[in-house]
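**Q** Before anything else, here's the structure in question.
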Amino acid sequence: MFRQLSISAAAASLVLLVLATACGPNQRIMNSAVEEPTPTTSEPAGPPTFDDDLAAMRNAEFRFIYVFRRKDGEPLSEDDRIHLNSYKPSEVNRARVSDGGRAVIFGSNFRMPPESLKEIGERLIVEDLSTEPQTSNSNDATSQ
8 MFRQLSISAA
18 AASLVLLVLA
28 TACGPNQRIM
38 NSAVEEPTPT
48 TSEPAGPPTF
58 DDDLAAMRNA
68 EFRFIYVFRR
78 KDGEPLSEDD
88 RIHLNSYKPS
98 EVNRARVSDG
108 GRAVIFGSNF
118 RMPPESLKEI
128 GERLIVEDLS
138 TEPQTSNSND
148 ATSQ
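Reminder that position 23 of the sequence shown reads as 30 in this note's numbering, one-by-one numbering, no gaps.
Right under this line is the structure:
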């Protein structure tokens, strides 16, 4: 009986030993979960440049993009902005002050009226950076 009890105790100890070692963490998996710190940038990003603002207008797929600047190259004054806004049509989808206050960019899907451009042009330089409108219809019978 004592022999049978010691065999049972030895078997139970063996089972416990196997279970204890089998249920341990897998070191390979534990090491793969270690997060590496992400490097931080030493410089904060500066304000967007004129090219960034122009690219944002183009990425928004505006068909008509107009840039307005003072003729002397100085930043736009409050009077310049009031003048510009008084001739800005309601169809302008986005207006952005850019280049350190030296330029205003209008983005629109509608062409600005020539009268507005003429009035604005008396005081400011007007640059039309619009994309070329489609000149032909791909469904036209002559294009086939």
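All C-beta atoms, glycine included, are put in the ideal place defined by N, C-alpha and C.
#1: Tell me whether the beta-carbon of Glu98 lies closer than 8 Å to the beta-carbon of Phe117.
#2: Inspect the CB distances between the region 61-79 and the region 101-121 and report whether three or more fall short of 8 Å.
#3: Which whole-angstrom value is the C-beta distance of Ser105 and Asp60, which I expect to be below 8 Å?
#4: Compare the Cα-Cα distances from Ile89 to each of Glu126, Ile14, Leu24 and Gly80 and report the closest residue.
#5: So for Leu26, helix, strand or coil by DSSP?
#6: Do the CB positions of Val111 and Phe57 come within less than 8 Å of each other?
#7: If you follow the alpha helix (DSSP H) that Ala110 is part of, which residue opens it and which one closes it?
#8: Cβ of Arg65 within 8 Å of Cβ of Leu83?
**A** From the atom records:
#1: For the purposes of this step, residue 98 is taken as the residue at position 91 of the sequence shown. For the purposes of this step, residue 117 is taken as the residue at position 110 of the sequence shown. Result yes, Cβ atoms of Glu98 and Phe117 sit closer than 8 Å.
#2: yes
#3: What you label residue 105 is simply residue 98 of the sequence shown in a count that begins at 1. What you label residue 60 is simply residue 53 of the sequence shown in a count that begins at 1. That belief holds up - the Cβ atoms of Ser105 and Asp60 are roughly 4 Å apart, short of 8 Å.
#4: Taking the first residue of the sequence shown as 1, we reach residue 89 at position 82. That would be Glu126, whose Cα lies nearest to the Cα of Ile89.
#5: Looking up residue 26 in the sequence shown gives position 19. Here Leu26 sits in helix by DSSP.
#6: Within the sequence shown, the letter at position 104 stands for residue 111. Within the sequence shown, the letter at position 50 stands for residue 57. No, Cβ-Cβ distance for Val111 and Phe57 is not below 8 Å.
#7: Here residue 110 is taken as the residue at index 103 of the sequence shown, counted from 1. From DSSP, Ala110 is part of no alpha helix (DSSP H) but of the beta strand (DSSP E) over Ala110 to Ser115.
#8: The residue given as residue 65 occupies position 58 in the sequence shown. The residue given as residue 83 occupies position 76 in the sequence shown. No, Cβ-Cβ distance for Arg65 and Leu83 is not below 8 Å.
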